[in-house]
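See below for the structure under consideration.
Given below as structure tokens:
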């Protein structure tokens with residue numbers, strides 16, 4: 004299908020059929036991620052110990068917050084891109100994608116610097132006990148360093164009419180993450196560092212697939228020029244305004260996990276945090292496809 008045909012199809016195909024295609028493939032992506040989440044928790048708990056799973060869980064608010072930033076610029080960018088393509092304004096679509104990269108890149112670099120400088124006090128604030136903190140520090144340091152890779156902008160890809168590619172950019176990295184987690188934790192026994200490296204590697208694959216899609220793929224709907232990587236403040240404001248509810252949702256979820264971890268630290272210590280880490284992963288995995 005040509006570049007224009009995929010975009011045109013969004014305005015000519017029956018809405019019910021488009022909704023089914025988009026929702027079913029998104030649900031499939033979430034199911035794959037749910038399987039990964041459960042399996043990864045198993046690797047950490049059995050391959051190392053329950054405290055390692057708790058250490059990784061302590062860092063989950065950081066991942067949720069990063070996801071919030073990615074979702075904010077992704078949802079906002081997708082809205083602007085889809086409307087620009089509907090108006091046949093390829094330049095605006097290109098500028099939007101370039102500016103979403105600027106927003107996320109600046110935020111991710113700031114988070115990386117913050118994590119590199121203050122990882123130990125951060126894990127304490129997040130709720131780690133003295134026993135769990137060493138696992139959380141090792142896991143968190145790698146996650147912070149890999150923050151720049153933590154999005155593939157699948158929503159913007161979907162706005163371009165490439166539903167299958169937006170699904171692949173979820174599924175392929177998750178499968179790679181799962182296999183690498185098994186290799187690093189269960190076979191090579193690298194520990195929590197292995198689990199974190201597997202996560203960042205999966206994210207890097209997703210980021211690489213996005214770069215290929217936006218900059219190197221044949222028959223692109225729009226061409227992103229170097230000149231477009233210049234802050235367009237009205238456009239940035241529009242993207243952030245549309246995506247702001249997603250940011251609030253994720254930051255609220257992140258804050259809730261931090262409060263819960265600190266309460267469990269006070270009343271139950273290591274055991275309570277370890278149990279919560281495993282149960283919360285299971286619950287999140289089972290509820291993901293429904294949300």
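In our numbering, the protein residues as written are 4 to 294. Heads up, the beta-carbon is just placed ideally off N, CA and C, and yes, glycines get one too.
(request) Please work out which residues of its chain come closer than 6 Å, Cβ to Cβ, to residue 347, disregarding the five sequence neighbours upstream and downstream, and give them in chain order. (result) Any property of residue 347 remains undetermined from this structure, which presents the chain solely from 4 to 294.
(request) In the DSSP assignment, find the alpha helix (DSSP H) that holds residue 99 and state where it starts and stops. (result) Taken as a continuous stretch (DSSP letters only), the alpha helix (DSSP H) holding residue 99 covers 93-129.
(request) Run the CB neighbour count on residue 274, radius 10 Å, all protein chains shown included, and call it buried at 16 or more, exposed below. (result) exposed
(request) Return the Cβ separation of residue 84 and residue 162 in integer angstroms, given the expectation that the two are a contact with Cβ distance under 8 Å. (result) The pair is a contact, with the Cβ atoms about 5 Å apart (cut-off 8 Å).
(request) Please determine if the stretch 64-72 and the stretch 253-265 are in contact, where contact requires at least 3 C-beta pairs separated by less than 8 Å. (result) yes
(request) Classify residue 5 as helix, strand or coil using the three-state DSSP reduction. (result) Because residue 5 sits at a pLDDT of 48, beneath the cut-off of 50, its placement in the model cannot be relied upon, and the following sentence gives the value as read from the coordinates. Coil, per DSSP.
(message) Measuring CB atoms only, is the stretch 171-191 touching the stretch 107-118, in the sense that at least three cross pairs come out at less than 8 Å?
(response) no
(message) Does the contact criterion of 3 or more C-beta pairs under 8 Å hold for the stretch 203-210 versus the stretch 138-153?
(response) yes
(request) Quick one: grab the DSSP three-state call for residue 232. (result) coil
(request) Please classify residue 62: does DSSP put it in a helix, a strand, or coil? (result) coil
(request) Quick one: grab the DSSP three-state call for residue 163. (result) Coil.
(message) Distance check for residue 79 and residue 232, CA to CA, integer angstroms please.
(response) 17 Å
(request) Starting from the Cα of residue 64, find the closest Cα among 125, 245, 94 and 214 and give me that residue. (result) Of 125, 245, 94 and 214, the residue nearest in Cα terms is 125.
(message) With a threshold of 8 Å, are at least 3 pairs of Cβ atoms found where one atom belongs to the stretch 199-208 and the other to the stretch 225-242?
(response) In short, these stretches do not touch, since the Cβ pair count stays below three.
(request) Flag this pair as yes or no: are the beta carbons of residue 143 and residue 62 separated by less than 7 Å? (result) Going by C-beta atoms, residue 143 is nearer than 7 Å to residue 62.
(request) Report the rounded CA-to-CA distance for residue 77 versus residue 103, giving the unit in angstroms. (result) 7 Å
(message) Taking the straight line between their C-alpha atoms, what separation do you get for residue 265 and residue 141?
(response) 20 Å
(message) I'd like to check one pair, residue 134 with residue 268: are the Cβ atoms closer than 7 Å?
(response) no
(message) Please state the DSSP three-state secondary structure of residue 241.
(response) helix
(message) Under 6 Å: does the beta carbon of residue 90 sit that close to some heavy atom of the ligand MN?
(response) Because no ligand of any kind appears in the structure shown, any question about the ligand MN cannot be addressed here.
(request) Helix, strand or coil for residue 156, going by three-state DSSP, please let me know. (result) coil
(message) Comparing C-alpha positions only, which one of 200, 178 and 283 sits nearest to residue 34?
(response) Looking at 200, 178 and 283, the one whose alpha-carbon comes closest to that of residue 34 is 178.
(message) With a threshold of 6 Å on Cβ separation, who are the neighbours of residue 55 within its own chain once the five nearest residues in sequence on each side are excluded?
(response) Answer for residue 55: 47, 138 and 195, listed in chain order.
(request) Measure the C-alpha to C-alpha separation of residue 227 and residue 246 and round it to an integer number of angstroms. (result) 22 Å
(request) Report the three-state DSSP secondary structure of residue 227 (helix, strand or coil). (result) coil
(message) Tell me the rounded alpha-carbon separation between residue 94 and residue 279.
(response) 48 Å
(message) Let's test the definition: count the other Cβ atoms within 10 Å of the Cβ of residue 1 and tell me whether it reaches 16, buried, or not, exposed.
(response) This structure cannot settle anything about residue 1, because the visible part of the chain is limited to 4 through 294.
(request) Give the single residue among 169, 235 and 276 whose Cα lies nearest to the Cα of residue 52. (result) 276
(message) For residue 203, report the span of its alpha helix (DSSP H) as first-last.
(response) 195-214
(message) Cutting at 8 Å between CB atoms, please list the residues of its own chain near residue 123, excluding the five before and the five after it.
(response) 136 and 140
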